[in-house]
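Notes follow the structure.
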Amino acid sequence: MNPIRQHWNDVWSTKAHAETSWYQDDPRVSMAIVDRLGIGVDDDVIDVGCGASHLADRLVQRGVRRLHLLDVSAAAIDQVRGRLDPVDSATEVHDHPIDVLELDPVPSVSLWHDRAVLHFLDDAAWRERYAVLAASAVRPGGHLVVGGFAPDGPMRCSDLEVRRAGADELADLFSPGFVPVSSEQELHETPWGAVQSFQWCVFRRVV
């Protein structure tokens, strides 16, 4: 098995969601952005690195047309499915238990959401590949939302090194296919009280 896939399957098979540093009982920042963008019943969304996040639940409650759950760990997606499958919803939910860099075919979406995947891609070629995939997936006029460790954030997560980045660096990475819409920083508190600085950026897809 791919060592990265093995790592994350081990994490999701041995830890409760509430025991992970990235746990949120409410994806507040993500949903505030979703609200501002007016995401709703006519939209297709991909949650890259969904983990066991409750964002999927909120999007299904909102009635998005189609939701793609992408995570390198099938065990993580299974946790989300365990919550979603009993829910009566018109949302089509599609699973992608793969590394984001292996995404093929690339779904067409109006929103690409990523909380804490891109910052694990610390190789320039990987980040460039990620930007190409995002541009391939997001329709013109659609949006890309990326959240990861800010320049003053942690240097590691889940025993892996990360690439911290600010708004300007992310804008350069996704240019010229995307233009910046907004950026903000979030101070995320882990379940044990540590504070982590996240950089959030919203981009709009241009032709």
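For the sequence shown, the residue numbers in the numbering used here are 56 to 262.
In this text, a Cβ means the ideal position worked out from N, Cα and C, and glycines have one as well.
State the Cα-Cα distance for the pair His109 and Pro231, rounded to the nearest angstrom.
Taking the sequence shown and counting its residues from 1, one reaches residue 109 at position 54. Taking the sequence shown and counting its residues from 1, one reaches residue 231 at position 176. Roughly 32 Å separates the two Cα atoms.
For Ala87, count neighbouring C-beta atoms within 10 Å of its own C-beta (all shown protein chains included) and say buried if the count is 16 or more, exposed if not.
Looking up residue 87 in the sequence shown gives position 32. Result: exposed.
Look up His168 in the DSSP assignment and give the residues it is bridged to.
Here the question's residue 168 lines up with position 113 in the sequence shown. The partner list for His168 (beta bridge, DSSP) reads Asp102 and Val200.
So, is His149 buried or exposed, given that buried needs 16 or more other C-beta atoms within 10 angstroms?
Position 94 of the sequence shown, counted from the start, is the residue given in the question as residue 149. Looking at its Cβ environment, which holds fewer than 16 other Cβ atoms inside 10 Å, His149 is exposed.
Can you check which of these residues, Glu244, Phe253, Asp65 and Pro235, is closest to Arg259 by C-alpha distance?
The residue given as residue 259 occupies position 204 in the sequence shown. Of the candidates Glu244, Phe253, Asp65 and Pro235, the one whose C-alpha sits nearest the C-alpha of Arg259 is Pro235.
Can you give me the start and stop residues for the alpha helix (DSSP H) that Glu74 sits inside?
Taking the first residue of the sequence shown as position 1, residue 74 is located at position 19. Per DSSP, Glu74 belongs to no alpha helix (DSSP H) and is neither H nor E.
By the three-class DSSP mapping on this structure, what secondary structure does His62 have?
On the sequence shown, residue 62 is found 7 positions in, with the first residue counted as 1. Here His62 sits in helix by DSSP.
Bridge partners of Pro235, per DSSP?
Counting from 1 along the sequence shown, the entry for residue 235 is found at position 180. The partner list for Pro235 (beta bridge, DSSP) reads Phe258.
From which residue to which residue does the beta strand (DSSP E) around Leu125 run?
Translated into positions along the sequence shown, residue 125 becomes position 70. Unbroken beta strand (DSSP E) run through Leu125: Arg121 to Leu125.
Note down the Cα distance separating Val100 from Val257, rounded to an integer number of angstroms.
Your numbering for residue 100 matches position 45 in the sequence shown. Your numbering for residue 257 matches position 202 in the sequence shown. About 14 Å.
For Gly196, which option in Asp98, Leu125 and Val217 has the closest C-alpha, if you only look at C-alpha atoms?
Start at 1 with the first residue of the sequence shown, and residue 196 comes out as number 141. The shortest C-alpha separation from Gly196 is found at Asp98.
Counting Cβ pairs, one atom from each stretch, are 3 or more of them under 8 Å apart for the region 136-153 and the region 109-121?
With a cut-off of 8 Å, the region 109-121 and the region 136-153 count as touching, because enough Cβ pairs lie within range.
When you compare the CB positions of Ala189 and Phe253, do they come within less than 9 Å of one another, or not?
Taking the first residue of the sequence shown as position 1, residue 189 is located at position 134. Taking the first residue of the sequence shown as position 1, residue 253 is located at position 198. Against a cut-off of 9 Å, the Cβ pair of Phe253 and Ala189 comes out as no contact.
Let me confirm a value: Trp247 is counted as buried when at least 16 other C-beta atoms fall within 10 Å, else exposed. Which label applies?
Position 192 of the sequence shown holds residue 247. Classification of Trp247: exposed, given that the 10 Å Cβ count is below 16.
Give the range of the beta strand (DSSP E) segment to which Asp150 is assigned.
Residue mapping note: residue 150 aligns to position 95 of the sequence shown, counting from 1. Unbroken beta strand (DSSP E) run through Asp150: Glu147 to His151.
According to DSSP, is Val142 part of a helix, a strand, or is it coil?
Counted from its first residue, the sequence shown places residue 142 at position 87. Looking at Val142 - three-state DSSP - the assignment turns out to be coil, as it is neither helix nor strand.
Taking DSSP as the reference, what is the three-state secondary structure of Ser191?
Taking the sequence shown and counting its residues from 1, one reaches residue 191 at position 136. Of the three classes helix, strand and coil, the one that applies to Ser191 here is helix, per DSSP.
Per DSSP, what kind of secondary structure is Arg211 in: helix, strand or coil?
Working through the sequence shown from its first residue, we reach residue 211 at position 156. Strand, per DSSP.
What is the DSSP secondary structure of Ser163, reduced to helix, strand or coil?
Numbered from 1 along the sequence shown, position 108 holds the residue referred to as residue 163. Correct three-state label for Ser163: coil.
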